[in-house]
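Protein chains: 2
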Amino acid sequence: MSRVAYLGPEGTFTHQAAVEWVRSQAQHAAGPASPGTSDRAERPDGVPVELVPVQAVTDVYAGVASGAFDQGIVAIESSVEGYVVPSLDAIVGSEDVVAIDEVVLEITFDAFVRPGHGELTEVTAHPHGLAQCQGFVTRSGALPVPAASNAAACRDATVHQVALGPSICGELYGLDLLEAGVEDFHGARTRFLTIVRRDRARDALAAARAAGPAQWRTMLALTPLVTGPGVLARITQAFGAGGVNLSSLITRPLKALEGKYVFVLTADAAPWEPAVREVLEGLLAAGDSVKTLGVFPARGEIDEALSSDHVPVGSVGAGAGADELDRGLLWA
Amino acid sequence: MSRVAYLGPEGTFTHQAAVEWVRSQAQHAAGPASPGTSDRAERPDGVPVELVPVQAVTDVYAGVASGAFDQGIVAIESSVEGYVVPSLDAIVGSEDVVAIDEVVLEITFDAFVRPGHGELTEVTAHPHGLAQCQGFVTRSGALPVPAASNAAACRDATVHQVALGPSICGELYGLDLLEAGVEDFHGARTRFLTIVRRDRARDALAAARAAGPAQWRTMLALTPLVTGPGVLARITQAFGAGGVNLSSLITRPLKALEGKYVFVLTADAAPWEPAVREVLEGLLAAGDSVKTLGVFPARGEIDEALSSDHVPVGSVGAGAGADELDRGLLWA
Chain H
1 MSRVAYLGPE
11 GTFTHQAAVE
21 WVRSQAQHAA
31 GPASPGTSDR
41 AERPDGVPVE
51 LVPVQAVTDV
61 YAGVASGAFD
71 QGIVAIESSV
81 EGYVVPSLDA
91 IVGSEDVVAI
101 DEVVLEITFD
111 AFVRPGHGEL
121 TEVTAHPHGL
131 AQCQGFVTRS
141 GALPVPAASN
151 AAACRDATVH
161 QVALGPSICG
171 ELYGLDLLEA
181 GVEDFHGART
191 RFLTIVRRDR
201 ARDALAAARA
211 AGPAQWRTML
221 ALTPLVTGPG
231 VLARITQAFG
241 AGGVNLSSLI
251 TRPLKALEGK
261 YVFVLTADAA
271 PWEPAVREVL
281 EGLLAAGDSV
291 KTLGVFPARG
301 EIDEALSSDH
311 VPVGSVGAGA
321 GADELDRGLL
331 WA
Chain Y
1 MSRVAYLGPE
11 GTFTHQAAVE
21 WVRSQAQHAA
31 GPASPGTSDR
41 AERPDGVPVE
51 LVPVQAVTDV
61 YAGVASGAFD
71 QGIVAIESSV
81 EGYVVPSLDA
91 IVGSEDVVAI
101 DEVVLEITFD
111 AFVRPGHGEL
121 TEVTAHPHGL
131 AQCQGFVTRS
141 GALPVPAASN
151 AAACRDATVH
161 QVALGPSICG
171 ELYGLDLLEA
181 GVEDFHGART
191 RFLTIVRRDR
201 ARDALAAARA
211 AGPAQWRTML
221 ALTPLVTGPG
231 VLARITQAFG
241 AGGVNLSSLI
251 TRPLKALEGK
261 YVFVLTADAA
271 PWEPAVREVL
281 EGLLAAGDSV
291 KTLGVFPARG
301 EIDEALSSDH
311 VPVGSVGAGA
321 GADELDRGLL
331 WA
């Protein structure tokens, strides 16, 4: 039995991501398994898979580190909210856990009702879900009722309620679909990571490497020897000079170390590629501390959320006049 | 009348930040005004201040840009969740709005009850509030009841409910304090920005500069002419070479421009300091587009949330053996 942990209750977007990851494993292996939305599925090698809801994201990390679970699925980045910082901090802070795959999920809400429902006077979801489906809520004329989670709203829906949640909730809680895709803005996506114990990562990655060519990504935590002016330059220059593109970089402060930061970088390459290895060797030689947080084939981009679709309005460029520069830069 | 917009309803943490900002203005000016938690206060120059709740954070930006409000208060960064990305995107995408001050607020929950309450059988808050005060909820033995917001929970509390929310809710909704600081983990902080219309920024900053020396910070949006390996290196090196420390950097994708990013940087200096000006001139000469998003005196650090208080466990350094390197970096 292979056990996969995710943040519960059943019917969360993370649950849906876990189902999709198990299904993708079956497809990648071209095996006969097709797990559907069931929590009991079968891997292509015939090993049954059990998806296990846990109460907190830290339980996913701890359970994978202890060996209680074989894999864990955690949300790491949303196109709307950016990085899921508690999850990012957990993977940075965990010695024994590493990401070996990713799942990109479109965040879309379906409106569900009980079969043979009565008059629909209320609409229920997590407050964020209600906010993301405001148009539908207004159109329905029903009273919005906050729930502890979208999954709980679907699970506990009465015959007078419309519940909003991930599509997985329909089958899971025996609900009828009233309307699909009721969110105000379509195209939001969340990226999830599949985490395993570090001592199992090499085998998992070997299987993925054997499956064929991929665009690999490497997520790294880099703690520079000294911080201050120039440190970011030195680090990013090392990647630039090595021809390794960085698709994302964020800084996280280190508790109790005044002014000291760890950089979380994503490189568009695998750590075993000679160029990456050379960059990492250079950083180590300079006295920096490095940890690989994840290595995975890129499964898709999360949608880009910045409201501007061009250089942000109000930006100034090389040809700008003195007034425009003063206004845009506030440097006078 | 000076009108200050914030994300409502009344009693949010943003409301509390707005009250504190108005109070700090009075203190900085050493004036006699002491606005308390009232929404009608007086600035040191005798101009009355009205705090106005609005329905969405985008309404704060739009209302300040249009001149409907003189200032707006927006949450920008949390010690637990990192940047508030929708707010960050709004300030990057807004031509006419710029930050001229910041407020750092400790996020602490108080437990309130109605005066002369009955048996307390329920505890109510936003689902995030309930999750952040799980110890108190469990200890109380009361049934958790989700609310649309902590402020709404306090406003609508029945005589059988304990409502959890910001301290400002007590006076605001006529509630009695049952217990203060009931959150599980103390020390979480959120940083808020005071935004004004760009054409008013220079006057506001002139007043702050006249008030005495300060540790200034500058928040910049930088859109590089070309992206790819080396771009981050070039930009950060420009700051490093100029001796300007960058305390934060994050990348945000630009919608509809494949692979194109805007960098949001915070420099520990004012844009009118010669070193910063020189760096910006160099970037402009290189063809990059730059916008100053905010200039403000540093009012305090937000607490550092990374669970590790040292170099993340599992990191490897220069002296590491081959096995340790393979395990930490997954590069073999």
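These protein sequence lines map, in sequence, to chains H and Y. Taken in order, the first sequence gives residues 1 to 332; the numbers are from UniProt numbering. Taken in order, the second sequence gives residues 1 to 332; the numbers are from UniProt numbering. Cβ atoms here follow ideal geometry from the backbone N, Cα and C, with glycine treated the same way. Remember, it's a predicted structure, so these values are computed and weren't measured experimentally.
Using a Cβ cut-off of 8 Å (strictly closer), state whether residue i contacts chain Y.
i: T236 (chain H); result: yes
i: Y83 (chain H); result: yes
i: A142 (chain H); result: no
i: W272 (chain H); result: yes
i: V80 (chain H); result: yes
i: L164 (chain H); result: no
i: V66 (chain H); result: According to the sequence shown, residue 66 (chain H) is Ser rather than Val. Not closer than 8 Å to any Cβ of chain Y, the Cβ of S66 (chain H) fails to qualify, so no.
Where residue i and residue j are concerned, what is the direct C-alpha to C-alpha distance, given to the nearest angstrom?
i: V262 (chain Y); j: A298 (chain H); result: 21 Å
i: F296 (chain H); j: E102 (chain H); result: 7 Å
i: E122 (chain H); j: Q161 (chain H); result: 5 Å
i: S2 (chain Y); j: G240 (chain Y); result: 41 Å
i: D288 (chain H); j: L249 (chain Y); result: 19 Å
i: L172 (chain H); j: E119 (chain H); result: 23 Å
i: L330 (chain Y); j: M219 (chain H); result: 11 Å
i: V92 (chain Y); j: Q25 (chain Y); result: 26 Å
i: A188 (chain H); j: V80 (chain H); result: 7 Å
i: G141 (chain H); j: V182 (chain H); result: 14 Å
i: V74 (chain Y); j: T194 (chain Y); result: 7 Å
i: G82 (chain Y); j: W272 (chain H); result: 31 Å
i: G8 (chain Y); j: A152 (chain Y); result: 10 Å
i: A180 (chain Y); j: V137 (chain Y); result: 14 Å
i: P274 (chain Y); j: G317 (chain H); result: 19 Å
i: Y61 (chain H); j: A90 (chain H); result: 7 Å
Can a CB atom of chain H be found closer than 8 Å to the CB of residue i?
i: E171 (chain Y); result: no
i: H15 (chain Y); result: no
i: E119 (chain Y); result: no
i: Y330 (chain Y); result: Checking the sequence, you will find Leu at residue 330 (chain Y) rather than Tyr. So yes, L330 (chain Y) belongs to the interface.
i: V295 (chain Y); result: yes
i: residue 382 (chain Y); result: Shown here, chain Y extends from 1 to 332; a query on residue 382 (chain Y) therefore has no answer.
i: A151 (chain Y); result: no
i: T251 (chain Y); result: yes
i: G240 (chain Y); result: yes
i: G93 (chain Y); result: yes
i: L178 (chain Y); result: no
i: H126 (chain Y); result: yes
i: G314 (chain Y); result: yes
i: R191 (chain Y); result: no
i: G300 (chain Y); result: no
In or out: residue i buried (at least 16 other Cβ within 10 Å) or exposed?
i: S315 (chain Y); result: buried
i: H186 (chain Y); result: exposed
i: P312 (chain H); result: buried
i: S66 (chain H); result: exposed
i: R139 (chain Y); result: exposed
i: Q215 (chain Y); result: exposed
i: G319 (chain H); result: exposed
i: V159 (chain H); result: exposed
i: G328 (chain Y); result: buried
i: V226 (chain H); result: exposed
i: L280 (chain H); result: buried
i: G72 (chain H); result: buried
i: G116 (chain H); result: exposed
i: P48 (chain H); result: exposed
Per DSSP, which one or two residues make a beta bridge with residue i?
i: P115 (chain H); result: DSSP output for P115 (chain H) lists no bridge partner at all.
i: M219 (chain H); result: H:T266 and H:G294
i: residue 334 (chain Y); result: What is shown of chain Y runs 1 to 332, which leaves residue 334 (chain Y) out entirely.
i: G165 (chain Y); result: Y:D110
i: Q71 (chain Y); result: Y:V4
i: G82 (chain Y); result: Y:S78
i: A125 (chain H); result: H:P146
i: A99 (chain H); result: H:I195 and H:G294
i: E179 (chain Y); result: Y:A111
i: L249 (chain H); result: H:L265
Taking only beta-carbon positions, decide if residue i is within less than 8 Å of chain C.
i: G317 (chain H); result: In summary, chain C is missing from the structure at hand, where the protein chains are H and Y.
Nearer than 7 Å: is that true of the beta carbon of residue i relative to any heavy atom of the ligand MN?
i: A99 (chain Y); result: In the structure on display, the ligand MN does not appear, and there are no ligands present to speak of.
message: Any contact between the stretch 104 to 116 of chain Y and the stretch 316 to 324 of chain Y? By contact I mean 3 or more CB pairs, one from each, below 8 Å.
response: The count of Cβ pairs closer than 8 Å, one atom from the stretch 104 to 116 of chain Y and one from the stretch 316 to 324 of chain Y, stays below three, leaving the stretches out of contact.
message: I'd like to know if the stretch 51 to 64 of chain H and the stretch 85 to 93 of chain H are in contact, where contact means that at least 3 CB-CB pairs between them fall below 8 Å.
response: Because the criterion of three Cβ pairs below 8 Å is met, the stretch 51 to 64 of chain H and the stretch 85 to 93 of chain H touch.
- prompt: Taking three-plus beta-carbon pairs below 8 Å as touching, is the stretch 192 to 202 of chain H in contact with the stretch 127 to 144 of chain H?
  reply: Taking one beta carbon from each stretch, the stretch 192 to 202 of chain H and the stretch 127 to 144 of chain H have fewer than 3 pairs nearer than 8 Å; the two do not touch.
query: Is it a yes or a no for the stretch 8 to 20 of chain H touching the stretch 161 to 172 of chain H, going by three-plus beta-carbon pairs under 8 Å?
result: The stretch 8 to 20 of chain H, when compared against the stretch 161 to 172 of chain H, does touch it at the 8 Å Cβ threshold.
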